[in-house]
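These notes are about the structure you will find just below.
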Amino acid sequence: MDWNDILPIIIGISVVIGLPLALRSRKKGGPKKVEELCQHLQGRGVKASRQEEVSIQEKAGEKRSRREKPIGVISLADKNIDSINVIGVASQYGVQYFLDFVVRSPSLTGRENKKKTRMVRKRSSALWGKVIDLKWRGDDSLAQKLNFDYRLKDRLLQADLNILKSSIWIVPEPKHEYTRVRTNYFLPTPDLVDAIDAIAKHIKSGY
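Positions 10 to 216 (the working numbering) are the ones given, in order, by the sequence shown.
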């Protein structure tokens, strides 16, 4: 038996063993992530509270596999962001957590042609260079609005984008009258909360 025969067996074993462990880890660790985020926001003056009941916000993005599950919802007051969903994605490698900033957008109902939009960072040099510019790509209308919002760009460039770990994705959910602004799980600074809230304002405008 050569390496090409052994490798699929090893991968199969890692899935069989690793995934159940990740699912159990998500069940135990997920609620702690929700509480950690809620307390962090409250400590920075954001009107945030745990939402116990199942709601339409949790159903936004409901086409999920068993590996991806909403862990909990945090409601926000006085923001264009309606709530934050903490999402846990389990795999044989462990659990990765995401935040879905949920924005009510009934004006998108029936507009299934809306595309995902993402933030692209331009660095002074490849890989580890300083972020010197930002561009939004995806839905033509929304990307144009975001690219022309220079105040938003300044907010994001002045914030510590390293804590995002990845990009910002905007995912329309016309069926549920919501749009999700997805990031990796992180504890947002007030500047980043304000920046994502500015994105939510553009989404609410119906772009």
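Backbone N, C-alpha and C define an ideal beta-carbon position, used for all residues, glycine too.
What's the gap between the Cα of aspartate 148 and the Cα of isoleucine 179?
As a first step, residue 148 is located in the sequence shown; it is residue number 139 there, counting from the start. As a first step, residue 179 is located in the sequence shown; it is residue number 170 there, counting from the start. Within the model, the alpha-carbon separation for aspartate 148 versus isoleucine 179 is close to 9 angstroms.
Would you check if the distance between the CB atom of threonine 192 and the CB atom of leucine 85 is smaller than 7 angstroms?
Reading the sequence shown from its first residue, position 183 is the one you call residue 192. Reading the sequence shown from its first residue, position 76 is the one you call residue 85. Contact flag unset, no.
Taking the straight line between their C-alpha atoms, what separation do you get for glutamine 51 and lysine 139?
The residue labelled residue 51 in the question sits at position 42 within the sequence shown. The residue labelled residue 139 in the question sits at position 130 within the sequence shown. Approximately 31 angstroms, taken between the alpha carbons.
Which residue comes first and which comes last in the beta strand (DSSP E) that contains alanine 99?
Translated into positions along the sequence shown, residue 99 becomes position 90. Alanine 99 -> beta strand (DSSP E) spans 92-100.
Uninterrupted beta strand (DSSP E) stretches inside the segment 147-196 (no shorter than 3 residues):
178-182, 187-193
Identify every run of the beta strand (DSSP E) within the segment 100-148, keeping only runs that are complete inside it and at least 3 residues long; order them along the chain.
103-113, 126-132, 140-146
For the segment 153-169 against the segment 90-97, are there 3 or more C-beta pairs whose distance is under 8 angstroms?
no
CB-CB under 6 angstroms to isoleucine 212, same chain, minus the five flanking residues each way: which ones, in chain order?
As a position in the sequence shown, residue 212 is number 203, starting the count at 1. Cβ neighbours of isoleucine 212 beyond the five flanking positions: Val112, Ser114, Thr188.
Count the other C-beta atoms from every protein chain shown that fall within 10 angstroms of the C-beta of lysine 123, then say buried if there are 16 or more, exposed otherwise.
Numbered from its first residue, the sequence shown carries residue 123 at position 114. Result: buried.
Determine the direct distance from the alpha carbon of histidine 185 to that of leucine 143, and round the result to whole angstroms.
For this step, residue 143 is matched to residue 134 along the sequence shown. For this step, residue 185 is matched to residue 176 along the sequence shown. Computed Cα separation, rounded: 29 angstroms.
Identified DSSP bridge partners for glutamine 51
Position 42 of the sequence shown, counted from the start, is the residue given in the question as residue 51. Per DSSP, none; premise fails for glutamine 51.
For a quick check, are the C-beta atoms of alanine 168 and leucine 196 less than 7 angstroms apart?
In the sequence shown, the residue the question calls residue 168 occupies position 159. In the sequence shown, the residue the question calls residue 196 occupies position 187. The answer is no: Cβ separation not under 7 angstroms.
Given this structure, state the Cα-to-Cα distance separating lysine 41 from tyrosine 106, to the nearest angstrom.
Taking the sequence shown and counting its residues from 1, the one referred to as residue 41 is at position 32. Taking the sequence shown and counting its residues from 1, the one referred to as residue 106 is at position 97. Those two C-alpha atoms are separated by around 12 angstroms.
Best match in Val82, Asp87, Gly215 for proximity to valine 55 [C-alpha to C-alpha]:
Start at 1 with the first residue of the sequence shown, and residue 55 comes out as number 46. Of the candidates Val82, Asp87, Gly215, the one whose C-alpha sits nearest the C-alpha of valine 55 is Asp87.
Based on the DSSP output, what are the partners of lysine 78 in its beta bridges?
Translated into the one-based positions of the sequence shown, residue 78 becomes position 69. Paired residues: Gly97.
Helix, strand or coil, according to DSSP, for glycine 215 in the structure here?
Translated into the one-based positions of the sequence shown, residue 215 becomes position 206. Of the three classes helix, strand and coil, the one that applies to glycine 215 here is coil, per DSSP.
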